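So the mapping is simple: this note's numbering equals the position in the sequence shown, first residue as 1, plus 436.
For each residue, glycine too, the CB sits at the ideal point set by N, CA and C.
Since we're looking at a predicted model, the values are computed, not measured.
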Amino acid sequence: MFAAGCGASRLAAASSFPMKDRTGPSMLQEAEAIETRALEEIGRADDPSDLEDIRIRYMGKNGDLTRILRSVGKAAPEDRPRIGQRVNQAKQAIGEALEARRAACETGRESASGTLDVTLPGRRPPLGSKHPLTLIREEVSEIFRDMGFSVVDGPEVEWDYYNFEALNIPRDHPARDTQDTFYLGSDIVLRTHTSPVQVRVMEQQQPPVRVIVPGRTYRNENPDATHAFTFHQCEGLYVDKGVTMAQLKGDMTYFAQRLFGGKVKVRFLPDFFPFTEPSVQYDFSCVACGGGGCRICKNTGWLEISGAGMVDPAVFGFVDYDPELYTGYAFGMGLDRLAMFKYGIESIHMFLENDLRLLERP
Ligand code: PHE
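Listed below in structure tokens is the structure:
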């Protein structure tokens, strides 16, 4: 009846079928001729809007078949049923042909000759990549694993005891003010840092302990380009006989150079944390300008990474480690900051906004 594939030729404008004679037999012939003509046009149409034009022209309110039906009263009474039947038959055939043709056009894979064009380029599905925070977590974990650390996890909803108390931050300690804590109950918080996992690990095992804890943390901070209500840290803890501050600096330097290249330097500045003594803030020389000063390091040549220090003997007291026998170092690092420096991302909020550009494969 008609070719299943879409033909190349565009639809020629077809005029309405002339209907002068209103006798029964001629109306039957008209219905037949209309059907033939409509099916031909459908066979030539190659786009759904042409098909819609055809439907309206033949079967719409003023379509040719509709007009025959409307004038069927002018035919002799004995002819009327046959005419009605014939018109309905034509309508059904045209309707089915339109549907089949529309389906064929929509598959969109037929070429002008009505066959599959195997030379058409395929459509490539968009490829994603890992989130920058996943990438940085994996890379940081790999470096520390090579240094003999294991990777452990801890709860994000944390007891006040682990988040503060056992880290030598009692209830009335002023250090609590700096933590902008989200309290979920009088003694349950969203952890403000990954340090509580230090205590959980030391409760569970005796030295030597060498762990890192990458994870999510929460603080009720005023948001800006580098602060969000949730962020990520990676805690590090190394406890054994004879662990020193020099080891902390050496390990930090090794880590910084593996992550950012051999020229990066590490510096320690004095700081205070209730759970380390002495405490430091540690910085990496700017990975963007090499230390000369630029916008990223605010012309200081240095990037602040986080805090560190020697584990305070008071913390050992909470986990029954003998402070006469053991020493340890601990550090925290901001994973979001590391990812921002590594991948040149300007705002921490990019990590939370599901912006697909972040996940497109480079
Ligand atoms: N937990 C501290 C913070 O979030 C960082 C830190 C970790 C400091 C370990 C010392 C030792 O600021």
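Any idea which residues DSSP pairs M495 with across the strands? As a first step, residue 495 must be located in the sequence shown, where it is residue number 59. DSSP lists no partner for M495.
What are the boundary residues of the beta strand (DSSP E) that Q615 is part of? Taking the first residue of the sequence shown as 1, we reach residue 615 at position 179. Premise fails: Q615 is in no beta strand (DSSP E) and is neither H nor E.
Exposed or buried, which one is T712 when buried takes at least 16 other CB atoms within 10 Å? Within the sequence shown, the letter at position 276 stands for residue 712. Of the other Cβ atoms in all chains shown, 16 or more fall within 10 Å of the Cβ of T712; this residue is therefore buried.
Distance, S462 Cα to R516 Cα: Counting from 1 along the sequence shown, the entry for residue 516 is found at position 80. Counting from 1 along the sequence shown, the entry for residue 462 is found at position 26. Distance from the CA atom of R516 to the CA atom of S462, rounded to whole angstroms, is 12 Å.
Have a look at P632, T653, N658 and R655 and flag the residue whose alpha-carbon is nearest the alpha-carbon of V647. As a first step, residue 647 must be located in the sequence shown, where it is residue number 211. Nearest C-alpha to V647: P632.
Any chance the CB of H629 is under 8 Å from a heavy atom of ligand 3? The model on display carries ligand 1 but not ligand 3.
If you compare alpha carbons, which of I732, G768 and L792 is closest to F777? Here residue 777 is taken as the residue at index 341 of the sequence shown, counted from 1. Ranking I732, G768 and L792 by CA distance to the CA of F777 puts I732 first.
Have a look at P513 and L552 and give me their C-alpha separation to the nearest angstrom. Start at 1 with the first residue of the sequence shown, and residue 513 comes out as number 77. Start at 1 with the first residue of the sequence shown, and residue 552 comes out as number 116. P513 and L552: Cα-Cα distance of roughly 52 Å.
Any heavy atom of ligand 1 closer than 8 Å to the CB of A602? In the sequence shown, residue 602 corresponds to position 166, counting from 1. When distances are taken from the beta-carbon of A602 to the heavy atoms of ligand 1, even the shortest one reaches 8 Å or more.
Opening and closing residue of the beta strand (DSSP E) in which P432 lies: Any question about residue 432 goes unanswered here, given that the chain covers just 437 to 798.
Which same chain residues, not among the five before or five after D582, have their C-beta less than 6 Å away from its C-beta? Within the sequence shown, the letter at position 146 stands for residue 582. Residues of the same chain with their beta carbon placed closer than 6 Å to that of D582 are lacking, with the five preceding and five following residues left out of the count.
Alpha carbon to alpha carbon, how far is N658 from T567? Give it in angstroms, no decimals. By 1-based counting over the sequence shown, the position of residue 567 is 131. By 1-based counting over the sequence shown, the position of residue 658 is 222. Residue identity check: residue 567 is His in the sequence provided, not Thr. Distance from the CA of H567 to the CA of N658, rounded to the nearest whole angstrom, comes to 24 Å.
Can you name the residues that DSSP bridges to I648? As a working mapping, residue 648 is identified with position 212 in the sequence shown. For I648, DSSP records a beta bridge to V587 and G672.
Same chain only: Cβ atoms within 6 Å of S783, ignoring 5 sequence neighbours per side: On the sequence shown, residue 783 is found 347 positions in, with the first residue counted as 1. Excluding positions up to five away in sequence, the list reads A661.
Sorry if obvious, but does the Cβ on G745 come closer than 8 Å to a heavy atom of ligand 1? Against the sequence shown, residue 745 aligns to sequence position 309. The closest heavy atom of ligand 1 lies less than 8 Å from the beta carbon of G745.
What first and last residue would you give for the beta strand (DSSP E) that runs through M746? Start at 1 with the first residue of the sequence shown, and residue 746 comes out as number 310. Unbroken beta strand (DSSP E) run through M746: W738 to V747.
For L620, I'd like the list of residues in its chain whose CB is within less than 7 Å of its CB, leaving aside the five on either flank, ordered along the chain. Position 184 of the sequence shown holds residue 620. Closer than 7 Å at the Cβ level, and outside the excluded window around L620, lie V593 and L626.
Who does Q717 pair with in a DSSP beta bridge? As a working note, residue 717 is residue 281 in the sequence shown. According to DSSP, Q717 bridges with L705 and G743.
Consider the C-beta atom of F640 and the heavy atoms of ligand 1; say whether any pair is separated by less than 8 Å. The count along the sequence shown starts at 1 and reaches residue 640 at position 204. Before going on, a small fix: residue 640 reads as Gln here, not Phe. No, the Cβ of Q640 stays beyond 8 Å of every heavy atom of ligand 1.
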